[in-house]
Amino acid sequence: MINQSSVMMDLEGTVLAEDEKVMLASPLVGGLILFSRNFDNSKQLTQLIKDVRQAAKQPIVIAVDNEGGRVQRFKTDGFTPIPAMGKLAPFFEKAVAAKGEVAVDKTETVSELAWLLASECFAHGIDVSFSPVLDLERGSDVIGDRSFNSDIKLATELATYWCDGLADAGMACIGKHFPGHGSTKEDTHVAAPVDTRSFAELEQNDMAIFKTMIANNKLQGMMPAHIRFSAVDDNPVGYSEYWLQTVLKQKLGFNGVIFSDDLSMVGAGEHLSYAEKALKAVTAGCDMVLICNDKNAVKQVLSELQHKVTDKQSNALSLLSNTHIDLDELQASKRWRNAVNLAQAINQPR
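Under the working numbering, the first residue of the sequence shown carries the number -11, and numbering increases by one thereafter.
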């Protein structure tokens, strides 16, 4: 069985197609993720999101991957290019060397960048950005400078400031990719990685940042990795009741929303139908499943699972934003100008 509003779909272009309107009206659809292909300009995006909400006929969470750096879908006309998280620590090191420790405010710098990102999303009608990446930088090209750092303590510190900035704007903080993707070199978009480390080793390393962030109540959402940790469980994390129920919820005490990573990735399994993937993910503990870049796959899931829908709503709808921001007013504010200057200083150091 699957709850209502448990599917997050995407769109092919900058305007709604007729079949997409029909899909959005399904009681199974409760989320939409946006990509660069959906953006021409600020005005167009705002109208597209309004059209999506009208077509959905029920509450729908609008999301985007705006992490900063190379994973930021919107960077122009209403959106500021946010630095990659991996640029922050070197920026601070250089600033401390030049000005001294007392003169460098890491807390304000990181939190203001997060506030800026969230505020610009809200000004266009976007509810959440899937951030931050909590994976440690341990040699994975697919993670790389998306990570805050390789050092657990420093990465946790910077991630905390980031989540505080999102919270200040009113946006949920969604950590990824539990329990850690930074030590796995393969890209789950095109491979099905296996990590052979023991649970004890994972707990002391990659998982430590997740544990601290959960204990400090910084995360409202979580996205598990499409990685199989063979010494722990035979299933990839996103399909694993052990990882999501026993470890994440019971052992670590996480009580927020769990999003699957994209079910079209090779790491999500090529031998299963999309309907089977969706059921496997929600059975394991995911509250909302992402199906991207394959409209027919979404249609298959909506058709095959329409008779398995419960009368309950996905708790992913708890992440809907009540924050409404006027873009012109935002861009006229001193806080916005200061935050943009910070982003530019980190992106283009002198």
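Heads up, the beta-carbon is just placed ideally off N, CA and C, and yes, glycines get one too.
*Look at the Cβ atom of asparagine 54, then the Cβ atom of serine 117, and state whether they are nearer than 7 Å.*
yes
*Can you name the residues that DSSP bridges to asparagine 284?*
According to DSSP, which records beta bridges pairwise, asparagine 284 is partnered with nothing at all.
_Proximity to phenylalanine 242 [Cα-Cα], best of Gln32, Phe166, Met11, Gly57_ = Phe166
*Can you give the Cα-Cα distance for alanine 331 and asparagine 26, rounded to whole angstroms?*
24 Å
*Among all the DSSP beta bridges, which residues are the ones paired with phenylalanine 136?*
According to DSSP, which records beta bridges pairwise, phenylalanine 136 is partnered with nothing at all.
*The alpha helix (DSSP H) with leucine 207 in it runs from where to where?*
Unbroken run through leucine 207: none, as it is neither H nor E.
*threonine 200 vs threonine 144 beta-carbon contact at 7 Å*: yes
*asparagine 329: first and last residue of the uninterrupted alpha helix (DSSP H) it sits in*: 322 to 335
*Only counting runs of 3 or more residues, tell me where the beta strand (DSSP E) segments fall wholly within the segment 149 to 175, in order along the chain.*
162 to 166
_DSSP has methionine -11 in a bridge; who is on the other side?_
DSSP, once it has assigned bridges, lists no residue as partnering methionine -11.
*Return helix, strand or coil for serine 119, following the three-state DSSP convention.*
coil
*Note down, one range per segment and in chain order, each beta strand (DSSP E) of at least 3 residues found wholly within the segment 179 to 239.*
209 to 212
*Note down, in chain order, each residue of its chain lying with its Cβ closer than 7 Å to the Cβ of isoleucine 202, except the 5 sequence neighbours on either side.*
Leu240, Gly241, Phe242
*Could you check the C-alpha separation between tyrosine 149 and glutamate 6 for me, to the nearest Å?*
42 Å
_Could you check whether leucine 101 and isoleucine 131 sit closer than 7 Å to each other, using their CB atoms as the reference points?_
no
*Going by Cα to Cα distance, which pick from Asp139, Lys268, Leu278, Leu232 is closest to methionine -11?*
Lys268
*Using 8 Å as the threshold, is the segment 307 to 322 in touch with the segment 153 to 160, meaning 3 or more CB pairs across them?*
yes
*Top-ranked residue by Cα proximity to alanine 147, from Leu278, Met73, Lys265*: Met73
*asked:* In this structure, how does DSSP classify phenylalanine 247 when only helix, strand and coil are distinguished?
replied: strand
*asked:* Buried or exposed for proline 17, going by 16 or more other Cβ atoms inside 10 Å?
replied: The sequence shown places valine at residue 17, not proline. That one is buried.
*Which first and last residues belong to the beta strand (DSSP E) in which glutamate 55 is found?*
54 to 56
*asked:* Distance cutoff 7 Å, beta carbons only. Does arginine 25 sit that close to anything in chain B?
replied: The chain inventory of the structure shown lacks chain B, comprising one protein chain alone.
*CA-CA distance, alanine 83 and asparagine 193?*
28 Å
*Report yes or no: do three or more beta-carbon pairs, one from the segment 94 to 114 and one from the segment 169 to 183, lie closer than 8 Å?*
no
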